[in-house]
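Contents: one structure, followed by commentary.
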Amino acid sequence: MTKEVQQYVIEKSKELMAAASCCQGAKEAAQRWIDAAGTDREAEETRKYIEELEADIVTVDGLISFAESEMGAKVFGGEEKAKGVAAHGREIKAAGAKYCDCPACTVVEAILARKDEMMA
Numbered sequence: 127m128t129k130e131v132q133q134y135v136i137e138k139s140k141e142l143m144a145a146a147s148c149c150q151g152a153k154e155a156a157q158r159w160i161d162a163a164g165t166d167r168e169a170e171e172t173r174k175y176i177e178e179l180e181a182d183i184v185t186v187d188g189l190i191s192f193a194e195s196e197m198g199a200k201v202f203g204g205e206e207k208a209k210g211v212a213a214h215g216r217e218i219k220a221a222g223a224k225y226c227d228c229p230a231c232t233v234v235e236a237i238l239a240r241k242d243e244m245m246a
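All letters in the sequence shown, in the order written, are residues 127 to 246 by the working numbering.
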């Protein structure tokens with residue numbers, strides 16, 4: 127991985143950890159990766175980090191389904207707000223989005239766009 131890619135991923139990883147919508151597992155994986163950057167553990171932690179990010183990113187269809195569920199209503203603060211999230215999901219899907227556009231998923235998508243460079 128080039129220094130430019132490494133620095134980009136470090137910056138994006140810090141953004142990810144600061145995102146309110148970021149799950150604890152992704153925060154921990156991001157910190158482990160940052161700690162391993164530039165060390166002999168970097169390649170292994172990069173592989174693990176990518177696996178975590180790929181598992182955590184939410185597709186638009188997943189967002190819509192979750193928002194329309196009972197748990198979605200609880201997480202989003204009520205049935206009406208959850209309906210709004212589902213409607214938003216349908217809007218961004220119609221516009222071509224593949225993933226949820228919350229702050230965490232947006233950063234994860236940006237990091238994963240450089241996955242091949244990270245593995246080089």
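Even for Gly, the Cβ is constructed at its ideal location relative to N, Cα and C.
For Ile183, the closest alpha carbon among the candidates Val211, Gly203, Lys224 and Thr172 is that of Lys224. In the same chain as Val211, and ignoring 5 residues on each side of it, the C-beta atoms closer than 6 Å to its own belong to Ala193 and Phe202, in chain order.
Listed in chain order, the alpha helix (DSSP H) elements of length 4 or more contained wholly in the region 145-182 are 150-162 and 168-182. Shown here for Thr172: same chain residues with a beta carbon closer than 6 Å to its own, the five before and five after excluded, namely Met244 in chain order. By the C-beta density criterion, Gly222 is exposed, having fewer than 16 other C-beta atoms within 10 angstroms.
For the options Asp161, Ser139, Thr165 and Ala162, the alpha carbon positioned closest to that of Lys153 is the one of Ser139. Inside the region 190-244, DSSP marks whole alpha helix (DSSP H) runs of 4 or more residues at positions 196-201, 205-220 and 229-238, from first to last along the chain.
Distance from the CA of Lys200 to the CA of Glu217, rounded to the nearest whole angstrom, comes to 22 Å. The shortest CA-to-CA distance from Ile190 to any of Arg158, Ile160, Gln132 and Ala213 is the one to Ala213. Under the criterion of beta carbons closer than 8 Å, Tyr175 and Trp159 qualify as touching, at roughly 4 Å. Check the Cα spacing between Gly164 and each of Glu130, Arg240, Ser147 and Thr232: the tightest is with Glu130.
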